[in-house]
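Taken in sequence, the protein lines are chains A and B. Our numbering puts the first residue of the first sequence at -16, with every later residue one more than the last. Our numbering puts the first residue of the second sequence at 1044, with every later residue one more than the last.
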Amino acid sequence: MAGNVATVAELVGSNEQTILPDWVELQKKAGTLQTGRITENELVAQSRNFLHLLRDGLAKGGTDASNPAYAPAKELLAEVSRARAIQGFSPSETATFVFSLKQPLFNTLTRTNALSPAQVAELAWSITMLLDELGLFTLEVFQKSREEVIVRQQREIAELSTPVVKLWDGILALPMIGTLDSQRTQVVMETLLQAIVDTEASIAIIDITGVPTVDTLTAQHLLKTVAAARLMGADCIISGIRPQIAQTMVHLGVELNVISKATLADALAIALDRTGRMVTRKKTTATSDQNKTLAGKDL
Amino acid sequence: MDRIPILKFGNALLVTIQVDMHDRLATALEEDLTSKIVDANAKGVLIDISALEIVDSFIGRMLDNIAAVSRILDADTVVVGMRPAVAITLVELGLSLTGVKTALNVERGMALIHARLTTSESEDDDAEE
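Okay, here's the thing in structure tokens:
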């Protein structure tokens, strides 16, 4: 059996000139190049490298894919499928890379005289098993890379959607966008508290205009944030509660026991008042009237 | 046994916690502070915990106790300089120290106590009038 596998390895080596073009042709037919995500040269290079590594694996490690001799081949597959996952290939397109090698390989096996038909059948089976395993491995890496992308994006979204804005000296605003789960509350809390320390703010306005729903859990998260900010010596004002949300909260029996205002503007007004400031309309003097008329002429 | 020093600062007491609190130290502080408030006739207690990195429920409860005792003895407690991580931990422990006043730093904490002292003095004046 081992001797036969070695024969296959030799066959793969000596028939590279026929296997490689057949294989690349099959991949092209399956549509690998159609979308223009990789060039033909890249595909040929990937295929040739894999064929070489597969031959080495067959020569040293038999047809057992878990054999260490297949480590380089697996490494190449992982690299290829990771790249394809990022380039946006579909899972079947990625798996085709390995599975389409079967046909050219079996053609080579059947054409040879060095093996009896029974041996060919037996080898065909074990090579199918080997390639299936490598194909599954490819898919697994593909899936894992996609998941990594998703996790990274989630993290980025979480960071993007929790900015802390300085509205005035000592007044911070926290416009919340998206659903509030425990993990995001943690991020929000940490960024808010750090911002309070950095800017020495005494008032933080939490604006929940962008929060689609508020249930008991969300309210609890909000209250935790408020309590933590209070421990740091900053008062919190909640703003931007939409009418429907206000109704839902009352129906659910959620109580926020915090100062809440309908809009961010109202919240800012009370925050300015608390810090001893006020906003007044500029007096229209003769000079500003002149400026206006001048500006009007420019237009 | 180690004790945390309590400084008298006008009508206020100043406590700066510079070491990691252990339970015995916390109980001792509570006792010392109580007697000191009475001795010094203090109207405000400022506890600076900016150097405190680790809190547990016991320390949290101690802060709450000190605040409650001082309130009975007619003194305000202001906890200042809490670190963000400590604040999050206390909230997660369910201790939001509702009876305690808080401020970002010693300066603001002092301002809070002064504000209270001046208002209570003016009230006294009003009463006398």
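Glycine is no exception: its CB is placed at the ideal position from the N, C-alpha and C atoms. All values derive from a computational prediction rather than experimental measurement.
Handout entry: Backbone secondary structure at B:Ala1154 - three-state DSSP
Key = By 1-based counting over the second sequence, the position of residue 1154 of chain B is 111. In the structure shown, B:Ala1154 sits in a helix (DSSP, three-state: H, G or I).
Exercise for the section: Using a Cβ cut-off of 9 Å, pull out every chain A residue sitting near B:Ser1163, in sequence order please. Expected result: What you label residue 1163 of chain B is simply residue 120 of the second sequence in a count that begins at 1. Per Cβ cutoff of 9 Å: no residues; B:Ser1163 is ~21 Å from chain A at best.
Exercise for the section: Would you mind telling me which residues of chain A sit closer than 9 Å to B:Thr1145, beta carbon to beta carbon, in chain order? Expected result: Residue 1145 of chain B sits at position 102 when you count from the first residue of the second sequence. Chain A residues near B:Thr1145: Arg213, Leu214, Met215, Gly216 and Ala217.
Exercise for the section: Determine the DSSP secondary structure at A:Ile253, reduced to helix, strand or coil. Expected result: Stepping through the first sequence from its first residue, residue 253 of chain A is reached at position 270. Of the three classes helix, strand and coil, the one that applies to A:Ile253 here is helix, per DSSP.
Practice task
Kindly indicate which residue of A:Pro195, A:Ala252 and A:Val209 has the alpha-carbon position closest to the one of A:Val241.
Solution key: Locating residue 241 of chain A in the first sequence gives position 258, where the first residue counts as 1. Measuring from the Cα of A:Val241, the nearest candidate turns out to be A:Val209.
Practice task
Answer with yes or no whether the minimum CB distance from A:Pro143 to chain B is below 8 Å.
Solution key: Start at 1 with the first residue of the first sequence, and residue 143 of chain A comes out as number 160. The residue you asked about is not Pro; residue 143 of chain A is Leu in the sequence shown. No, no contact with chain B.
Exercise for the section: Answer yes if the stretch 1132 to 1146 of chain B comes into contact with the stretch 187 to 200 of chain A, meaning at least three C-beta pairs across the two stretches below 8 Å, and no otherwise. Expected result: no
Handout entry: Contacts around A:Lys207, its chain only, beta-carbon distance under 8 Å, and the 5 residues preceding and following it disregarded
Key = For this step, residue 207 of chain A is matched to residue 224 along the first sequence. Cβ neighbours of A:Lys207 beyond the five flanking positions: Thr168 and Met172.
Practice task
Could you confirm whether any beta carbon from chain B is found closer than 8 Å to the beta carbon of A:Lys149?
Solution key: Numbered from 1 along the first sequence, position 166 holds the residue referred to as residue 149 of chain A. Judged by the 8 Å Cβ criterion, A:Lys149 is not in contact with chain B.
Handout entry: Distance between beta carbons of B:Asp1091 and B:Val1058, contact taken as under 8 Å
Key = In the second sequence, counting from the first residue as 1, residue 1058 of chain B sits at position 15. In the second sequence, counting from the first residue as 1, residue 1091 of chain B sits at position 48. Confirmed, Cβ separation roughly 7 Å.
Handout entry: Counterpart residues of A:Ala54 in DSSP-defined beta bridges
Key = Residue mapping note: residue 54 of chain A aligns to position 71 of the first sequence, counting from 1. Partner(s): none; A:Ala54 has no beta bridge.
Practice task
Within 10 angstroms of the Cβ of A:Asp281, are there 16 or more other Cβ atoms? Answer buried if so, exposed if not.
Solution key: On the first sequence, position 298 is the one that residue 281 of chain A refers to. Because the pLDDT at A:Asp281 is just 49, under 50, the model does not fix this residue reliably, and the value given afterwards should be weighed accordingly. Answer is exposed; the Cβ neighbour count stays below 16.
Practice task
Report the rounded CA-to-CA distance for A:Gln0 versus A:Leu34, giving the unit in angstroms.
Solution key: Position 17 of the first sequence, counting from 1, holds the residue named residue 0 of chain A. Position 51 of the first sequence, counting from 1, holds the residue named residue 34 of chain A. If I take the Cα positions, the gap works out to 11 Å.
Problem - Integer Cβ distance of A:Ala287 from A:Val124, believed to fall under 8 Å - result: The structure shown has nothing for residue 287 of chain A, since chain A only spans -16 to 282.
Practice task
List the residues of chain A that B:Pro1127 touches, going by C-beta distances under 9 Å, in chain order.
Solution key: For this step, residue 1127 of chain B is matched to residue 84 along the second sequence. Chain A residues near B:Pro1127: Met172, Glu173, Leu175, Leu176, Gln177, Ile179, Val180, Ala211 and Met215.
Practice task
State yes or no: is the beta carbon of B:Ser1113 nearer than 8 Å to at least one beta carbon in chain A?
Solution key: Within the second sequence, residue 1113 of chain B is the residue found at index 70, counting from 1. So no, B:Ser1113 is outside the interface.
Exercise for the section: Measure from the C-beta of B:Ala1055 to each C-beta in chain A and report whether the shortest distance is under 8 Å. Expected result: Within the second sequence, the letter at position 12 stands for residue 1055 of chain B. No, because no Cβ of chain A sits closer than 8 Å to the Cβ of B:Ala1055.
Exercise for the section: Kindly give me the distance between the Cβ atoms of A:Ile177 and B:Pro1048, rounded to whole angstroms, as I take these residues to be in contact under 8 Å. Expected result: Here the question's residue 177 of chain A lines up with position 194 in the first sequence. Here the question's residue 1048 of chain B lines up with position 5 in the second sequence. This sequence places Gln at residue 177 of chain A; Ile is not what is there. Incorrect: roughly 30 Å between the Cβ atoms, too far for contact.
Handout entry: Outcome for B:Met1125 when other beta-carbon atoms lying within 10 angstroms are tallied against a minimum of 16
Key = The count along the second sequence starts at 1 and reaches residue 1125 of chain B at position 82. It counts as buried.
Handout entry: A:Thr196 burial status per 10 Å Cβ neighbour count (16 or more: buried)
Key = Taking the first residue of the first sequence as 1, we reach residue 196 of chain A at position 213. A:Thr196 should be labelled exposed.
Exercise for the section: Starting from A:Ser128, follow the beta strand (DSSP E) in both directions and report where the run begins and ends. Expected result: Residue mapping note: residue 128 of chain A aligns to position 145 of the first sequence, counting from 1. Here A:Ser128 belongs to no beta strand (DSSP E); instead the alpha helix (DSSP H) covers Pro100 to Leu143.
Practice task
Flag A:Glu238 as yes if its beta-carbon sits less than 8 Å from any beta-carbon of chain B, otherwise no.
Solution key: In the first sequence, the residue the question calls residue 238 of chain A occupies position 255. By this cut-off, A:Glu238 is not an interface position.
Exercise for the section: Please list the residues of the stretch 1083 to 1100 of chain B that have a C-beta atom closer than 9 Å to any C-beta atom in chain A, keeping them in chain order. Expected result: none
Practice task
Would you check if the stretch 86 to 95 of chain A and the stretch 13 to 22 of chain A touch, i.e. whether three or more CB-CB distances between them fall below 8 Å?
Solution key: no
Exercise for the section: Would you mind stating whether B:Lys1174 and B:Ser1165 have Cβ atoms separated by less than 8 Å? Expected result: The question about residue 1174 of chain B has no answer, for chain B in this structure spans 1044 to 1172.
Practice task
Identify every run of the beta strand (DSSP E) within the stretch 1050 to 1119 of chain B, keeping only runs that are complete inside it and at least 3 residues long; order them along the chain.
Solution key: 1055 to 1059 and 1087 to 1091
Exercise for the section: Tell me, please, whether the CB atom of B:Ala1130 is closer than 8 Å to any CB atom in chain A? Expected result: For the purposes of this step, residue 1130 of chain B is taken as the residue at position 87 of the second sequence. Yes, contact with chain A.
Handout entry: Outcome for A:Gln230 when other beta-carbon atoms lying within 10 angstroms are tallied against a minimum of 16
Key = If you number the first sequence from 1, residue 230 of chain A lands on position 247. A:Gln230 comes out exposed.
Exercise for the section: Determine whether the Cβ of A:Glu139 lies closer than 8 Å to any Cβ atom of chain B. Expected result: By 1-based counting over the first sequence, the position of residue 139 of chain A is 156. So no, A:Glu139 is outside the interface.
Exercise for the section: Report the residue from A:Asp164, A:Ala141 and A:Ser185 whose alpha carbon sits nearest the alpha carbon of A:Ala156. Expected result: Position 173 of the first sequence holds residue 156 of chain A. Looking at the Cα atoms, A:Ser185 is the closest of the given residues.
Practice task
Go through its chain and collect everything with a Cβ distance to B:Ser1093's Cβ below 6 Å, but skip five positions before and after it.
Solution key: The residue labelled residue 1093 of chain B in the question sits at position 50 within the second sequence. Listed in chain order, the non-local C-beta contacts of B:Ser1093 below 6 Å within the same chain comprise Gly1124, local neighbours out to five positions each way being set aside.
Practice task
Out of B:Asp1117, B:Asp1107, B:Ala1111 and B:Thr1161, state which residue places its alpha-carbon closest to the alpha-carbon of A:Leu214.
Solution key: Here the question's residue 214 of chain A lines up with position 231 in the first sequence. For A:Leu214, the nearest C-alpha among the options comes from B:Asp1107.
Problem - Pair within 8 Å by beta-carbon distance, A:Arg38 and A:Ser128 - result: Counting from 1 along the first sequence, the entry for residue 38 of chain A is found at position 55. Counting from 1 along the first sequence, the entry for residue 128 of chain A is found at position 145. Cβ distance not < 8 Å, so A:Arg38 and A:Ser128 don't count as in contact.
Exercise for the section: Output, in chain order, the set of chain A residues within a Cβ distance shorter than 8 Å of B:Val1123. Expected result: Here residue 1123 of chain B refers to the residue found at position 80 when the second sequence is read from its first residue. Going along chain A in sequence order, the residues near B:Val1123 (Cβ under 8 Å) are Gly216.
Practice task
Alpha carbon to alpha carbon, how far is B:Phe1101 from B:Val1121? Give it in angstroms, no decimals.
Solution key: Locating residue 1121 of chain B in the second sequence gives position 78, counting from the first residue. Locating residue 1101 of chain B in the second sequence gives position 58, counting from the first residue. In a straight line, the C-alpha of B:Val1121 is about 18 Å away from that of B:Phe1101.
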